[in-house]
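K.L.:
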Amino acid sequence: MRWSIEQAELVEWLTNYDGEKFHAVLADPPYALISITKRFGKKGSAPAKEGSDGRYARLSGGFMGQKWDGFESLQHYQEWIAEWSALLIEKALYPGAVCMFFGGTRTFHHLGVGLETGGFEIVDCLMWLQGQGFPKSHNISKGMDKEAGVEREVTGKAKGAASSDTESLGEFKPEYDETKPVTLESEVWGSYGTALKPAWEPVFLCRAPRGKHTFAQLAVEFGSGALNIDGSRISHDEPEERMTPHSSKVGKTTYNQAKLSDERSSEERASPAPNGRWPANLMLTHHEECVQAGDARWACVPGCPVRQLDDQVGELSSSFRTTRKKHDIQGFYGIHGWTANNTDEGYKDTGGPSRFFYCAKASRSEKDAGLEDFYWQRVDKGFKQVSKIEWEQLDKKQRAQGCIHPTVKPIKLLTYLALLSLPPELEGRSRRMLVPFSGSGSEMIGAARAGWDEVVGIEAEAQYTAIAEARLAHSAVEEEV
Numbered sequence: 001m002r003w004s005i006e007q008a009e010l011v012e013w014l015t016n017y018d019g020e021k022f023h024a025v026l027a028d029p030p031y032a033l034i035s036i037t038k039r040f041g042k043k044g045s046a047p048a049k050e051g052s053d054g055r056y057a058r059l060s061g062g063f064m065g066q067k068w069d070g071f072e073s074l075q076h077y078q079e080w081i082a083e084w085s086a087l088l089i090e091k092a093l094y095p096g097a098v099c100m101f102f103g104g105t106r107t108f109h110h111l112g113v114g115l116e117t118g119g120f121e122i123v124d125c126l127m128w129l130q131g132q133g134f135p136k137s138h139n140i141s142k143g144m145d146k147e148a149g150v151e152r153e154v155t156g157k158a159k160g161a162a163s164s165d166t167e168s169l170g171e172f173k174p175e176y177d178e179t180k181p182v183t184l185e186s187e188v189w190g191s192y193g194t195a196l197k198p199a200w201e202p203v204f205l206c207r208a209p210r211g212k213h214t215f216a217q218l219a220v221e222f223g224s225g226a227l228n229i230d231g232s233r234i235s236h237d238e239p240e241e242r243m244t245p246h247s248s249k250v251g252k253t254t255y256n257q258a259k260l261s262d263e264r265s266s267e268e269r270a271s272p273a274p275n276g277r278w279p280a281n282l283m284l285t286h287h288e289e290c291v292q293a294g295d296a297r298w299a300c301v302p303g304c305p306v307r308q309l310d311d312q313v314g315e316l317s318s319s320f321r322t323t324r325k326k327h328d329i330q331g332f333y334g335i336h337g338w339t340a341n342n343t344d345e346g347y348k349d350t351g352g353p354s355r356f357f358y359c360a361k362a363s364r365s366e367k368d369a370g371l372e373d374f375y376w377q378r379v380d381k382g383f384k385q386v387s388k389i390e391w392e393q394l395d396k397k398q399r400a401q402g403c404i405h406p407t408v409k410p411i412k413l414l415t416y417l418a419l420l421s422l423p424p425e426l427e428g429r430s431r432r433m434l435v436p437f438s439g440s441g442s443e444m445i446g447a448a449r450a451g452w453d454e455v456v457g458i459e460a461e462a463q464y465t466a467i468a469e470a471r472l473a474h475s476a477v478e479e480e481v
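Mind the numbering: the sequence shown is residues 1 to 481 in the UniProt record's numbering, read in order.
#1: In the DSSP assignment, the beta strand (DSSP E) including H286 goes from what residue to what residue?
#2: So, D133 versus I81, is the Cβ gap smaller than 8 Å?
#3: Flag A468 as yes when its Cβ comes closer than 7 Å to any non-hydrogen atom of the ligand ADP, and as no otherwise.
#4: If we ignore side chains and look at the alpha-carbon of each, how far apart do K49 and G114 end up?
#5: From G223 to V408, what distance separates their C-alpha atoms?
#6: Where do the ends of the beta strand (DSSP E) carrying R399 lie?
#7: Please work out which residues of its chain come closer than 6 Å, Cβ to Cβ, to M100, disregarding the five sequence neighbours upstream and downstream, and give them in chain order.
#8: Looking only at its chain, what residues have a beta carbon closer than 7 Å to the beta carbon of H138, apart from the 5 residues adjacent to it on each side?
#9: Rank G149, T105, A208 by C-alpha distance to the C-alpha of K21 and give the top, closest one.
#10: Could you give the C-beta distance for G104 and L218, rounded to a whole number, given that I count them as a contact under 8 Å?
#11: Taking contact to mean at least 3 C-beta pairs separated by less than 8 Å, is the region 175-186 in contact with the region 143-151?
#12: Who pairs with K146 in a beta bridge, going by DSSP?
#13: Buried or exposed: where does G170 fall if 16 or more other Cβ atoms within 10 Å of its Cβ makes it buried?
#14: Using 8 Å as the Cβ pair cut-off and three pairs as the minimum, do the region 369-381 and the region 418-431 touch?
#15: Nearest to Y94 by alpha carbon, out of I234, H286, R210, W278?
#16: Which class does L33 belong to by DSSP, given the choice of helix, strand or coil?
#17: Is the CB-CB distance between E9 and A460 below 8 Å?
#18: Near E187, what residues of its chain come up, given a Cβ to Cβ distance below 6 Å and the 5 sequence neighbours on each side ignored?
#19: Specify, as a first and last residue, the run of the alpha helix (DSSP H) that Y416 falls within.
#20: My assumption, with CB atoms under 8 Å, is that L14 sits in contact with W84. Please give the rounded CB distance.
#21: Let's see if you can read the secondary structure: which residues bound the alpha helix (DSSP H) around R364?
#22: Under DSSP, the alpha helix (DSSP H) around G451 begins and ends at which residues?
#23: Excluding the 5 residues preceding and the 5 following E185 in the sequence, name in chain order all residues of the same chain whose CB lies nearer than 6 Å to its CB.
#24: Consult DSSP for K388 and reduce its assignment to one of helix, strand or coil.
#25: Give me whichever residues DSSP pairs with C206 in a beta bridge.
#26: Using the Cα positions of H110 and A158, report the straight-line distance between them to the nearest angstrom.
#27: Use the C-beta contact count for T155: other C-beta atoms within 10 angstroms, 16 or more gives buried, fewer gives exposed.
#28: Helix, strand or coil: how does DSSP classify S4 here?
#29: So, using beta-carbon positions, are Q130 and W189 closer together than 8 Å?
#30: Compare the Cα-Cα distances from S73 to each of A86, T107, S430 and report the closest residue.
#31: So, under 8 Å CB-CB, Q398 and R429 are touching, yes? Tell me the CB distance rounded to an integer number of Å.
#32: Buried or exposed: P47, going by 16 or more other Cβ atoms within 10 Å of its Cβ?
#33: By the three-class DSSP mapping on this structure, what secondary structure does E175 have?
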């Protein structure tokens with residue numbers, strides 16, 4: 001497998017690109033989590049000026065105050081997406097190329113419109129349920145006392161959101177002061193906030209325009225356009241045989257060809273597909289302390305989003321069939337109705353809704369692998385790389401080590417997505433994956449582990465480029481061992 005990272009702004013790189021086309025894209029672009037005063041631009045303000053990082057200059061701070069996530073307004077964010085989307089299609093992608101783009105829950109509608117405006121076909125929107133975000137909620141009670149000009153009494157200390165997720169960012173404190181409301185109004189509103197905890201992220205599944213090509217023609221001519229269904233099936237631990245109500249060949253089960261009639265023999269059976277369930281548009285991430293206890297079972301710690309989901313919904317049975325009379329579910333099927341009386345037993349396998357693709361969240365050790373010699377000093381809302389000697393002389397609050405990228409996703413998740421878009425081995429042709437906004441390199445590592453022949457990353461920030469190169473080199477050594 002060959003990999004390389006180009007340190008460049010994406011629009012500029014695409015404008016000048018004239019190389020071989022790519023079969024797929026896996027990207028985690030900026031989410032434009034900008035302040036509300038910047039979201040739509042001021043009334044009567046001039047259009048965004050062209051900047052050094054592309055057509056639309058990034059002026060405000062976005063996620064965690066990072067400049068790479070800052071834009072003048074959401075309109076300009078959307079136009080920027082449309083610009084690089086059109087360039088991707090024109091300059092870098094085979095017709096029908098399968099592309100996946102992560103988004104944020106507050107702004108993914110702008111991402112989707114930008115992708116469509118640029119020319120992409122949106123095939124689906126996947127949900128990554130991870131439960132590891134932290135709320136940025138405004139305390140209404142504290143705001144009231146502040147506006148009233150009164151000072152609150154400190155009553156103690158409380159642990160904050162800082163953890164392996166946040167401690168390297170320099171934005172959240174391990175502890176904060178607990179205070180007592182002063183005014184009557186602030187006491188009444190003491191338990192109210194302004195935001196929910198972010199627990200999922202959307203992933204747009206897109207295709208580059210097919211033109212007049214059929215899917216078969218795309219596969220033969222370019223090796224593009226298809227999803228690797230069997231290679232991405234979800235493992236299960238279900239019994240080998242179950243009764244089946246009728247014929248089909250989807251999902252986890254391969255059905256016998258049998259007529260829709262309750263006269264079918266009880267010997268007509270179906271077995272779960274040995275290579276797993278059909279991949280769904282839902283992916284789940286366990287807490288990093290959860291332990292896998294079998295191919296399809298986990299021992300979850302309290303607070304794990306997968307455990308919470310199962311606890312809330314409880315045990316479910318898959319597709320249990322009961323006797324139906326003609327048209328007794330007409331409200332669902334409409335004019336088509338349901339014409340068979342079905343007394344057969346269904347699958348009756350039990351379990352929570354977490355029976356989808358699942359993986360552990362990115363642990364600190366996974367993020368820092370290969371970065372043992374990366375030492376950082378916190379400066380303003382960023383970091384400065386320093387030597388180990390300089391680092392040891394810093395106050396502990398100024399120190400950071402290893403991976404400083406704030407949005408590192410699990411490699412197993414990214415391997416799964418990269419595998420979903422992987423074409424079969426192509427004689428005389430390298431299977432090529434492009435990773436714009438490659439950040440800390442997790443998407444590239446995932447693509448390499450999925451089996452892509454060549455992976456190219458594009459990253460504008462020098463610090464992240466260095467981090468990604470070190471992590472990729474370490475991952476390559478691990479794979480060889």
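Cβ coordinates follow ideal geometry from the N, Cα and C atoms, glycine included.
P.N.:
Result, derived from the coordinates:
#1: Along the sequence shown, read from residue 1 onward, the residue named residue 286 stands at position 286. 282-286 is the extent of the beta strand (DSSP E) around H286.
#2: In the sequence shown, residue 133 corresponds to position 133, counting from 1. In the sequence shown, residue 81 corresponds to position 81, counting from 1. Residue identity differs from the one stated: residue 133 is Gly in this sequence, not Asp. No, the Cβ-Cβ distance between G133 and I81 is not below 8 Å.
#3: Among the ligands in the structure shown, none appear at all, so the ligand ADP cannot be discussed.
#4: For this step, residue 49 is matched to residue 49 along the sequence shown. For this step, residue 114 is matched to residue 114 along the sequence shown. With a pLDDT of only 45 at K49, under the threshold of 50, the placement of this residue in the model should not be trusted; the figure read from the coordinates follows. Cα to Cα, K49 sits roughly 19 Å from G114.
#5: Translated into positions along the sequence shown, residue 223 becomes position 223. Translated into positions along the sequence shown, residue 408 becomes position 408. One C-alpha to the other measures close to 30 Å.
#6: Along the sequence shown, one-based indexing puts residue 399 at 399. Start and end: 399-401.
#7: By one-based count along the sequence shown, residue 100 stands at place 100. For M100, where only same-chain residues beyond five positions count, the Cβ hits under 6 Å are L26, V203, L205, L417.
#8: On the sequence shown, position 138 is the one that residue 138 refers to. Excluding sequence neighbours, H138 sits near G193, T194.
#9: Counting from 1 along the sequence shown, the entry for residue 21 is found at position 21. K21 has its Cα closest to that of A208, out of G149, T105, A208.
#10: Here the question's residue 104 lines up with position 104 in the sequence shown. Here the question's residue 218 lines up with position 218 in the sequence shown. That belief does not hold up - the Cβ atoms of G104 and L218 are roughly 31 Å apart, past 8 Å.
#11: They touch, by the three-pair rule.
#12: Here residue 146 corresponds to residue number 146 of the sequence shown, with the count starting at 1. Note: K146 sits in no beta bridge, so no partner.
#13: By one-based count along the sequence shown, residue 170 stands at place 170. Reliability fails at G170, whose pLDDT of 41 lies under 50, so the model's placement of it is uncertain and no value is given.
#14: Touching, no, given that fewer than three Cβ pairs across the two stretches are closer than 8 Å.
#15: On the sequence shown, position 94 is the one that residue 94 refers to. The option with the nearest alpha carbon to Y94 is R210.
#16: Reading the sequence shown from its first residue, position 33 is the one you call residue 33. DSSP places L33 in coil when its eight states are reduced to three.
#17: By one-based count along the sequence shown, residue 9 stands at place 9. By one-based count along the sequence shown, residue 460 stands at place 460. Yes, they are a contact pair.
#18: Numbered from its first residue, the sequence shown carries residue 187 at position 187. Once the five neighbours on either side are set aside, the close Cβ partners of E187 are P181.
#19: The residue given as residue 416 occupies position 416 in the sequence shown. Counting along the chain, the alpha helix (DSSP H) containing Y416 begins and ends at 411-420.
#20: Your numbering for residue 14 matches position 14 in the sequence shown. Your numbering for residue 84 matches position 84 in the sequence shown. Confirmed, Cβ separation roughly 6 Å.
#21: Within the sequence shown, the letter at position 364 stands for residue 364. Counting along the chain, the alpha helix (DSSP H) containing R364 begins and ends at 364-368.
#22: Position 451 of the sequence shown, counting from 1, holds the residue named residue 451. No alpha helix (DSSP H) holds G451; DSSP gives it neither H nor E.
#23: Here residue 185 refers to the residue found at position 185 of the sequence shown. Once the five neighbours on either side are set aside, the close Cβ partners of E185 are M144.
#24: Within the sequence shown, numbered from 1, the residue matching residue 388 stands at position 388. Looking at K388 - three-state DSSP - the assignment turns out to be helix.
#25: The residue labelled residue 206 in the question sits at position 206 within the sequence shown. C99, I122, per the DSSP bridge assignment.
#26: Counting from one through the sequence shown, the residue named residue 110 turns up at place 110. Counting from one through the sequence shown, the residue named residue 158 turns up at place 158. H110 and A158: Cα-Cα distance of roughly 37 Å.
#27: Translated into the one-based positions of the sequence shown, residue 155 becomes position 155. So T155 ends up on the exposed side.
#28: Counted from its first residue, the sequence shown places residue 4 at position 4. Three-state result, S4: strand.
#29: As a first step, residue 130 must be located in the sequence shown, where it is residue number 130. As a first step, residue 189 must be located in the sequence shown, where it is residue number 189. Cβ distance not < 8 Å, so Q130 and W189 don't count as in contact.
#30: Reading the sequence shown from its first residue, position 73 is the one you call residue 73. For S73, the nearest C-alpha among the options comes from T107.
#31: Along the sequence shown, read from residue 1 onward, the residue named residue 398 stands at position 398. Along the sequence shown, read from residue 1 onward, the residue named residue 429 stands at position 429. Between R429 and Q398 the Cβ distance is about 50 Å, and since that is not below 8 Å, they are no contact.
#32: In the sequence shown, counting from the first residue as 1, residue 47 sits at position 47. Residue confidence for P47 is low, a pLDDT of 46 falling below 50, so the modelled location carries little weight and cannot support an answer.
#33: Numbered from its first residue, the sequence shown carries residue 175 at position 175. Looking at E175 - three-state DSSP - the assignment turns out to be strand.
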